[in-house]
Amino acid sequence: QSALTQPASVSGSPGQSITISCTGTSSDVGGYNYVSWYQQHPGKAPKLIIYAIRNRPSGVSNRFSGSKSGNTASLTISGLQAEDEADYYCSSYTISNNLYVFGTGTKVTVL
Amino acid sequence: EVQLLESGGGLVQPGGSLRLSCVASGFTITNYAVTWVRQAPGKGLDWVSVISDSAGRTYYADSVKGRFTISRDTSKNTLYLEMNGLRAEDTAVYYCAKGGWDCSGGSCYSSPFDPWGQGTLVTVSS
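Here the protein sequences line up with chains B and A, keeping their order.
Note that my numbering has the first sequence beginning at 277, numbered continuously upward.
Note that my numbering has the second sequence beginning at 18, numbered continuously upward.
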């Protein structure tokens with residue numbers, strides 16, 4: 277089972293919007309609505325920021341939004357802030373032997 | 018407040034064994050799926066295993082199947098990961114997280130991994 281494909285890095289200036297893509301197949305991202313996004317700051321545990329494609333847990337800023345089209349899911353961060361600088365991972369349920377697959381990860385840099 | 022706290026990591030020789038623990042608070046582990054995810058140094062996240070629903074069904078990644086065993090102690094509200102035949106490529110921080118594949122109530126669904134514990138480092142080296 278291959279990891280979902282994410283860009284290695286994305287950068288933006290404070291206040292700008294950026295989008296991170298997460299590309300899989302019809303066996304995972306394209307076939308189910310079980311796509312989640314996690315934020316991970318250096319040395320910290322991952323934190324859930326989006327689940328079921330587009331839902332935000334309580335307490336997560338509405339600057340984070342999710343969507344999906346075909347086999348590609350996307351995370352958009354609007355009004356980029358310094359605290360958004362972190363690694364971001366997508367995840368999906370998969371029909372393969374391994375129940376879950378993560379993305380390759382994207383490092384977000386705030387310029 | 019839901020919290021998870023892992024322990025049991027350390028240095029082990031190739032071929033050795035280790036048991037990780039994950040103490041849960043704020044929820045009852047038999048009512049929810051609980052998952053192990055690992056992260057090799059400088060690398061991405063890698064799903065390892067999940068134990069789900071009241072029947073305790075278990076699922077494993079192909080990379081650990083036959084070597085790792087997930088289990089739980091309901092009296093201690095604690096999740097375990099028994100790791101045997103350890104290899105250098107198993108070196109990682111191991112996280113437990115509430116959520117995963119669950120088949121409670123006659124239907125199956127996936128819940129997101131939330132929250133995560135702080136992780137415990139396993140190093141496999143001679």
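Even glycine gets a Cβ: it sits at the ideal position worked out from N, Cα and C.
None of the values given here were measured: they were computed from a predicted structure.
- The beta carbon of residue 103 of chain A lies closer than 6 Å to those of 29, 33, 141 in the same chain, with the five residues before and after it left out.
- Within chain A, 129 have C-beta atoms less than 7 Å from the C-beta of residue 327 of chain B, given in sequence order.
- In terms of beta-carbon proximity, residue 297 of chain B stays away from the interface with chain A, with every pair separated by 8 Å or more.
- Annotation: the continuous beta strand (DSSP E) that includes residue 41 of chain A extends over 35 to 42.
- Assigned with DSSP and collapsed to three states, residue 46 of chain A falls in helix.
- Contact annotation for residue 112 of chain A against chain B: 321, 322 [CB-CB distance below 8 Å, chain order].
- Judged by DSSP in its simplified three-state form, residue 79 of chain A adopts coil rather than helix or strand.
- C-alpha of residue 138 of chain A to C-alpha of residue 308 of chain B: approximately 32 Å in a straight line.
- Contact annotation for residue 373 of chain B against chain A: 79 [CB-CB distance below 7 Å, chain order].
- For residue 381 of chain B, at least one C-beta of chain A is nearer than 8 Å to its own C-beta.
- Closest by C-alpha distance to residue 122 of chain A, out of A/41, A/98, A/48, is A/48.
- Against chain B, the CB of residue 53 of chain A has no partner CB under 8 Å away; the residue lies outside that interface.
- Proximity of residue 63 of chain A to chain B, defined by a Cβ-Cβ separation below 8 Å, is satisfied.
- When secondary structure is reduced to three states using DSSP, residue 119 of chain A falls in the strand class.
- What residue 76 of chain A touches in chain B, judged by beta-carbon distance under 8 Å, is 375, going in chain order.
- DSSP, read as helix, strand or coil, puts residue 109 of chain A in strand.
- Taking a beta-carbon distance threshold of 8 Å, residue 290 of chain B does not count as an interface residue toward chain A.
- Assignment of beta-bridge partners to residue 331 of chain B by DSSP yields B/327.
- Using a Cβ-Cβ cut-off of 8 Å, residue 135 of chain A counts as an interface residue toward chain B, since at least one Cβ of chain B sits closer than that to its own.
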